[in-house]
Every structure is written in C-alpha cells, then in structure tokens.
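Chemist: What follows is a structure written as structure tokens; I'll ask about it next.
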C-alpha cells in the first residue's frame with residue numbers, strides 16, 4: 020500500500036534497478052523529482068524522466084513506459100506514462116482510510132522509526148561561555164541542537180546531549196582580576212551573572228587605560244592552571260553562578276542536558292593527545308608554536324600549542340572527541356556552532372584523520388548563520404546584547420496581552436502566555452534555513468500574525484477544541500465515506516510526516532519541520548473553513564472529518580515538539 024512519498028520513491032527505485040540493471044539512479048534523485056503537479060489531471064504525484072535519459076541511453080518516453088508497466092500492481096495507486104512523465108493517481112478513499120487508520124492507531128508515535136536502534140548520537144550544543152550572559156546569539160545553537168536531538172531520538176537513536184561550556188581560558192584571569200579589584204561578594208551573590216558581566220566589561224574599560232591589567236590576568240589564569248586554591252575557588256564560584264542562571268533559560272525551553280562537561284574537563288586528557296601527535300611526527304614548530312601543517316589540504320596550520328606551551332581550542336576539541344568515542348562509542352558526534360567556526364572544525368577533523376582515527380568521518384559540524392542586533396554585531400565586552408531572559412519576558416508579556424484580547428477566559432494564564440511567547444521566538448529562528456544570517460529585529464520575531472509560531476499553536480488549539488466538543492456531543496471517529504478535495508489534500512500532507520523527519524535528519528535541518536508545520540496549518544485551516552466538521556450534513560461525514568481533525572492534532576503536536584515548541588490545548 021502506498022502511504023508516503025518515500026514509499027513510492029522506494030518502489031520506483033526498485034523498478035529502476037530491475038528494469039535498467041546497473042543504472043546509477045539514487046533514491047534522492049527520485050525524491051527530488053517526485054512532486055505534486057500543478058494540474059490534477061496529471062495525477063496526485065508526477066515524476067519527469069528526462070534527467071535519466073542520458074545515463075540510461077534511452078528516451079524519457081521509454082523510461083516512463085517501462086516504469087509504469089513495472090508499477091501496475093501496487094495497491095491503492097494507478098500509474099500512467101504520458102510523454103516522458105510518470106503520473107501517479109491515488110485511490111483517495113483507500114489512501115485516506117489507511118493513512119488515517121495508521122495515525123489514529125499510533126497517535127503521538129506516528130512518524131517514529133527504529134532507524135537508529137542500537138546507535139548513539141552525541142550532540143554538542145548551546146555551550147555558552149561561563150560568566151557571560153545567555154543572549155540571543157546563543158538561541159541558534161541551543162534550539163537547533165535540541166531540535167536535532169529530538170529528531171534523532173524520534174528516529175530511534177540513543178541521544179546524548181553535551182553542554183560543552185566555555186569554562187577555561189584567559190578570560191577567567193580577567194574576571195578574577197576584576198572581582199578582586201572591584202567585586203563585592205554580596206552584590207555578586209545577589210546580581211549573579213549580570214554582576215559578573217558588569218565586572219568583565221569594567222575590566223576591559225580599565226585595561227584600555229592600564230595595560231598592566233592584562234599581565235595580571237595572564238598571571239591569575241596561569242595560577243588557575245596550576246590549580247592554586249584562591250583562583251580555583253573563584254573559578255568554581257563563577258561556574259556555579261553561571262550554570263544556575265543558564266538552567267533557568269533551559270527550563271523555559273524544556274531542555275535538559277545529559278552532561279555539563281566544559282573545556283576544563285579535558286585538561287588532564289590533553290598531554291596524552293599531544294604526545295600521540297609527537298609520536299606520529301605530526302607536530303612542527305611555526306614561529307615557536309606547535310602546529311599541524313595542513314597546506315596540502317588547502318588550510319592554514321592547525322595550532323595545537325602556543326609558544327608558551329598553553330593549549331588551544333583544537334587541542335581541547337580533539338581530546339573531547341577521543342574521550343566521547345571511548346566513552347560512548349558514538350555513531351556520530353554532532354557539533355552545532357556558528358558557521359564562523361567552520362574552518363576550525365575542518366582543521367581539527369583533518370588532524371584526527373592524520374592521527375589515524377578512521378571514525379573522523381563520524382564527526383559532523385552543523386553550522387548556522389550569524390546573529391546581529393539591528394545590523395550590529397553582538398559583543399559582550401561592550402554590552403551590545405539582547406539577553407534571552409529579557410527577550411522571553413517581552414515575548415511572554417505580548418502573548419499575554421493578545422490572549423487576554425482574544426480569549427479573556429485565559430487572562431492571567433502565565434504558563435500558556437510563556438508557551439506562546441517563547442514559541443514565537445523559537446519559530447522565528449527555525450523558520451528559515453539554519454545557515455542564513457539573521458538580523459534580529461524584535462518586532463519581526465514577536466509578530467503574531469501570518470506564518471508564525473502562535474499561528475501554528477492556535478491551529479493546534481483549534482483541533483483540540485473540536486476534539487473536546489465532539490467528546491461532549493458523543494461523536495466518535497470513523498473512516499468511511501467519500502473524501503472531498505480538502506480532506507484528501509490534508510491527509511496527503513499528514514502522510515508525509517515520516518518523510519519530513521527523514522529529510523530533516525539527513526540535512527541536519529529543523530527548518531524542514533517548521534515549514535512542514537505551516538503546510539499542515541494551511542491545509543487544516545482551509546479544510547476547517549471550507550468543510551463543516553461537527554455540523555456536517557450526515558453522521559458518516561461528521562465522524563470522518565472528526566477523524567481527520569484528530570489525525571491533524573496528533574501530527575501537529577509531534578511536529579511542534581520536534582522544534583522545541585510547547586502546544587497548549589487552549590489559547
């Protein structure tokens with residue numbers, strides 16, 4: 020039975036291989052060409068065969084004729100060949116019944132697979148720098164990373180989320196200097212990370228007037244590396260304050276990490292890695308620094324040790340990758356960071372290959388675009404940031420105002436207002452391809468009209484309202500009768516949910532799910548406005564349309580969860 024585009028693509032792929040032995044046609048080629056034609060007379064799905072003519076050394080008409088003959092016995096569809104096009108007509112009533120039956124049976128598990136059974140995925144994401152604010156620039160790595168974790172989990176993988184905190188480096192020497200010179204213990208306890216940021220900013224202001232402060236900062240960090248008691252105690256204090264603050268934001272986003280293992284965790288593991296590089300004759304001196312030359316790979320040298328012997332990011336990342344492989348035996352280790360770090364990851368991935376680790380290909384960098392505020396680059400030291408806690412508070416306040424206007428009965432419901440407000444921000448971030456640079460404009464992110472997060476949540480709430488009314492009226496779903504055009508369009512959209520998940524995982528692209536959510540909402544709202552549901556003309560139609568509404572409810576709930584969005588039943 021044909022149930023999804025992916026199913027059909029697999030059958031066409033099999034037909035290609037049996038009809039044209041040795042052909043180099045891939046499933047991805049078929050998936051990209053198999054689309055809904057503009058003219059319904061051409062079928063519910065159609066695929067042009069012109070692309071394959073050259074490699075198969077035959078005409079597109081012959082290809083489509085051959086494939087159509089091979090696909091004649093598939094239940095629920097009829098396949099025709101017309102002038103080099105493969106046109107597929109679906110038995111609408113049969114398709115509706117079998118697809119809806121599957122969704123109603125599986126409910127929240129619809130779309131889940133066991134593709135990743137027995138395989139572990141490690142995801143390194145969010146990873147803010149300790150003692151610095153959680154600002155809008157961190158939202159990309161956080162929600163993209165967590166959405167990927169949800170997607171891979173949905174596909175049956177064992178997923179491990181790691182928050183690789185930036186908890187090491189000379190910035191802690193700067194903060195120690197600032198704390199000792201201008202810090203107040205009580206103010207830091209009360210002000211938390213905001214007070215630490217103020218001290219960090221003050222250090223840079225004062226350092227411009229007194230360059231000796233930079234030398235003091237380096238000395239304090241050197242003491243921290245030696246694990247001197249005073250510096251270590253202050254460093255641990257800064258980390259505790261920071262994590263406590265970060266967890267407030269993670270709680271709002273429903274995010275929990277399996278591990279908070281920052282850069283410092285790998286400090287005692289780096290010497291062995293460096294010795295291994297030396298033993299394999301990979302390290303050379305370049306102006307006093309130890310590097311791995313990568314010129315033949317079109318990249319600058321990868322710095323492993325500074326001239327003073329201090330480690331750098333590549334040293335720590337290589338050590339972390341080795342630890343994770345030995346500890347978790349991962350299928351893939353995925354790093355969600357800014358595209359600006361693409362060279363860094365390409366360099367140390369290549370170093371891993373040169374060290375002889377054939378699993379280096381299982382290391383994946385998922386880059387995303389940069390974020391600016393009204394065209395200005397974010398900079399912690401100058402205070403040019405929009406804090407996530409402030410953004411979320413503003414979004415929640417606006418959502419509360421709109422809810423009070425649209426549904427006075429929900430006035431004062433802070434939990435729902437927060438779900439809608441924060442959801443609006445998340446949806447804004449995940450609505451476009453992850454690699455796109457974002458100029459964050461507050462009024463755009465919090466626009467509650469059009470193709471937005473609140474629109475998707477309102478649609479879900481509408482399905483819940485219909486389901487609740489049906490229960491009160493004693494109406495139960497059934498799957499009989501002839502479906503109309505709007506019903507068929509909606510069930511066809513719902514049927515491709517498993518395909519969308521597979522696409523999002525393959526591309527490491529949550530925006531595929533975000534755009535799919537908008538497709539569901541558009542098709543459901545068209546169905547809602549064009550078709551009577553609980554007041555339909557006969558019981559059979561009424562019950563069938565209720566079944567379709569429930570199918571939408573289950574699918575939309577799962578899709579929203581996959582992009583880190585909550586879905587209140589009343590808005």
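In the working numbering, the protein residues as written are 20 to 590. Built from N, CA and C at the ideal position, the CB exists for glycine as well. On a predicted model such as this, the values are computed, not experimentally measured, just so you know.
In whole angstroms, what separates the C-alpha of residue 488 from that of residue 203?
Modeler: In the chain shown, the residue the question calls residue 488 occupies position 469. In the chain shown, the residue the question calls residue 203 occupies position 184. Cα to Cα, the separation comes out at about 59 Å.
Chemist: Looking at the secondary structure, which residues open and close the beta strand (DSSP E) in which residue 384 lies?
Modeler: Residue mapping note: residue 384 aligns to position 365 of the chain shown, counting from 1. Looking at the DSSP string, the run of the beta strand (DSSP E) that includes residue 384 is 382-387.
Chemist: Would you decide whether residue 91 is buried or exposed? Buried here means 16 or more other CB atoms lie within 10 Å of its CB.
Modeler: Within the chain shown, the letter at position 72 stands for residue 91. Exposed is the call here.
Chemist: Comparing C-alpha positions only, which one of 68, 163, 446 and 320 sits nearest to residue 53?
Modeler: Numbered from 1 along the chain shown, position 34 holds the residue referred to as residue 53. If we check each option's Cα against that of residue 53, 68 comes out closest.
Chemist: Taking the alpha-carbon positions, what's the residue 214 to residue 490 distance?
Modeler: On the chain shown, residue 214 is found 195 positions in, with the first residue counted as 1. On the chain shown, residue 490 is found 471 positions in, with the first residue counted as 1. So the two alpha carbons sit approximately 54 Å from each other.
Chemist: Would you tell me roughly how many angstroms separate the C-alpha atoms of residue 150 and residue 302, rounded to the nearest one?
Modeler: What you label residue 150 is simply residue 131 of the chain shown in a count that begins at 1. What you label residue 302 is simply residue 283 of the chain shown in a count that begins at 1. So the two alpha carbons sit approximately 34 Å from each other.
Chemist: Helix, strand or coil: how does DSSP classify residue 487 here?
Modeler: If you number the chain shown from 1, residue 487 lands on position 468. If DSSP states are grouped into helix, strand and coil, residue 487 belongs with the helices.
Chemist: Quick check for students: name the residue ranges of the alpha helix (DSSP H) that lie wholly in the stretch 133-192, counting only runs of 4 or more.
Modeler: Listed in chain order, the complete alpha helix (DSSP H) runs (minimum 4 residues) inside the stretch 133-192 are 158-173.
Chemist: To the nearest angstrom, how far is the alpha carbon of residue 527 from that of residue 154?
Modeler: Indexing the chain shown from 1 puts residue 527 at position 508. Indexing the chain shown from 1 puts residue 154 at position 135. So the alpha carbons of these two residues sit roughly 23 Å apart.
Chemist: Check each candidate in 449, 589 and 455 and name the one with the smallest Cα separation from residue 163.
Modeler: Locating residue 163 in the chain shown gives position 144, where the first residue counts as 1. Nearest of 449, 589 and 455 to residue 163, Cα basis: 449.
Chemist: Would you call the stretch 327-340 in contact with the stretch 365-376, where contact means no fewer than 3 C-beta pairs closer than 8 Å?
Modeler: Touching, per the Cβ criterion.
Chemist: Grab me the residues of residue 108's own chain with a C-beta within less than 8 Å of its C-beta, minus the 5 sequence neighbours each way, in chain order.
Modeler: Working through the chain shown from its first residue, we reach residue 108 at position 89. Result list for residue 108: 62, 63, 96, 97, 98 and 99, in chain order.
Chemist: In the DSSP assignment, find the beta strand (DSSP E) that holds residue 407 and state where it starts and stops.
Modeler: Indexing the chain shown from 1 puts residue 407 at position 388. No beta strand (DSSP E) holds residue 407; the alpha helix (DSSP H) holding it covers 407-425.
Chemist: For residue 500, is the classification buried or exposed, using 16 other Cβ atoms within 10 angstroms of its Cβ as the cut-off for buried?
Modeler: Here residue 500 corresponds to residue number 481 of the chain shown, with the count starting at 1. So residue 500 counts as buried.
Chemist: Does DSSP put residue 104 in a helix, a strand or coil?
Modeler: The residue given as residue 104 occupies position 85 in the chain shown. Three-state result, residue 104: strand.
Chemist: Counting only the same chain and skipping the five closest in sequence on each side, list residues whose C-beta sits under 8 Å from that of residue 292.
Modeler: On the chain shown, residue 292 is found 273 positions in, with the first residue counted as 1. If we look at residue 292 and ignore the five residues flanking it on each side, its Cβ neighbours are 334, 337, 338 and 341.
Chemist: By DSSP, does residue 495 sit in helix, in strand, or in coil?
Modeler: Along the chain shown, one-based indexing puts residue 495 at 476. Reduced to three states, the DSSP call for residue 495 is coil.
Chemist: How is residue 354 classed by DSSP in three states: helix, strand or coil?
Modeler: Locating residue 354 in the chain shown gives position 335, counting from the first residue. The answer is strand: DSSP assigns residue 354 an E or B state.
Chemist: Using the beta-carbon count (16 or more within 10 Å), is residue 525 buried or exposed?
Modeler: The sequence position of residue 525 within the chain shown is 506, counting from 1. It counts as exposed.
Chemist: Write down every uninterrupted run of the alpha helix (DSSP H) in the stretch 247-333 whose length is 4 residues or greater and which is fully enclosed by it, in chain order.
Modeler: If we require 4 residues or more, the alpha helix (DSSP H) runs fully inside the stretch 247-333 come out as 248-271 and 289-298.
Chemist: Report yes if the CB atom of residue 138 is closer than 8 Å to the CB atom of residue 363, and no otherwise.
Modeler: Along the chain shown, one-based indexing puts residue 138 at 119. Along the chain shown, one-based indexing puts residue 363 at 344. It is not a contact, given that the beta carbons lie outside the stated cut-off.
Chemist: Give me the residue from 85, 409 and 405 with the minimum Cα distance to residue 103.
Modeler: Stepping through the chain shown from its first residue, residue 103 is reached at position 84. Among 85, 409 and 405, the Cα nearest to that of residue 103 is on 85.
Chemist: Going along the chain, which unbroken runs of the alpha helix (DSSP H) with 4 or more residues stay wholly within the stretch 187-224?
Modeler: Counting whole runs of 4 or more residues, the stretch 187-224 contains the alpha helix (DSSP H) stretches 189-201 and 204-210.
Chemist: In terms of residues, what are the limits of the beta strand (DSSP E) holding residue 65?
Modeler: Residue numbering aside, residue 65 sits at position 46 when the chain shown is read from its first letter. Its beta strand (DSSP E) spans residues 64-67.
Chemist: Which residue marks the beginning of the alpha helix (DSSP H) containing residue 366, and which one marks its end?
Modeler: Here residue 366 corresponds to residue number 347 of the chain shown, with the count starting at 1. Where residue 366 is concerned, the enclosing alpha helix (DSSP H) stretches over 361-373.
Chemist: State yes or no: is the C-beta of residue 260 within less than 8 Å of the C-beta of residue 211?
Modeler: Numbered from 1 along the chain shown, position 241 holds the residue referred to as residue 260. Numbered from 1 along the chain shown, position 192 holds the residue referred to as residue 211. A contact, by the Cβ cut-off of 8 Å.
Chemist: Can you tell me the Cα-Cα spacing of residue 399 and residue 454, whole angstroms?
Modeler: Position 380 of the chain shown, counted from the start, is the residue given in the question as residue 399. Position 435 of the chain shown, counted from the start, is the residue given in the question as residue 454. Unreliable positioning characterises residue 399 in this predicted model, as indicated by a pLDDT of 49, which lies under 50. The coordinate reading is nonetheless provided below. So the alpha carbons of these two residues sit roughly 23 Å apart.
Chemist: Between which two residues does the alpha helix (DSSP H) holding residue 517 run?
Modeler: Position 498 of the chain shown, counted from the start, is the residue given in the question as residue 517. That run of the alpha helix (DSSP H) goes 516-526.
Chemist: Going by DSSP in three states, residue 444 sits in which element: helix, strand or coil?
Modeler: Along the chain shown, one-based indexing puts residue 444 at 425. Looking at residue 444 - three-state DSSP - the assignment turns out to be helix.
Chemist: Beta-carbon separation of residue 197 and residue 221 under 8 Å?
Modeler: Position 178 of the chain shown, counted from the first residue, corresponds to residue 197. Position 202 of the chain shown, counted from the first residue, corresponds to residue 221. It is a contact, given that the beta carbons lie within the stated cut-off.
Chemist: Under the rule that 16 or more other beta-carbon atoms within 10 Å means buried, what is residue 517, buried or exposed?
Modeler: For the purposes of this step, residue 517 is taken as residue 498 along the chain shown, with counting starting at 1. Classification for residue 517: buried.
Chemist: State buried or exposed for residue 304, treating a residue as buried only when at least 16 other CB atoms are found within 10 Å of its CB.
Modeler: Here residue 304 is taken as the residue at index 285 of the chain shown, counted from 1. Its Cβ having fewer than 16 others within 10 Å, residue 304 is exposed.
Chemist: Could you check where the alpha helix (DSSP H) with residue 540 kicks off and where it finishes?
Modeler: Residue numbering aside, residue 540 sits at position 521 when the chain shown is read from its first letter. 530-549 is the extent of the alpha helix (DSSP H) around residue 540.
Chemist: With residue 467 as the anchor, note down where its alpha helix (DSSP H) starts and where it stops.
Modeler: Stepping through the chain shown from its first residue, residue 467 is reached at position 448. Careful: residue 467 lies outside any alpha helix (DSSP H) and carries neither H nor E.
Chemist: Just reading off the alpha helix (DSSP H) that residue 570 is part of, what are its end residues?
Modeler: On the chain shown, position 551 is the one that residue 570 refers to. From DSSP, the alpha helix (DSSP H) with residue 570 extends over 558-581.
Chemist: What are the boundary residues of the alpha helix (DSSP H) that residue 80 is part of?
Modeler: Mapped onto the chain shown, residue 80 falls at position 61. Unbroken alpha helix (DSSP H) run through residue 80: 79-89.
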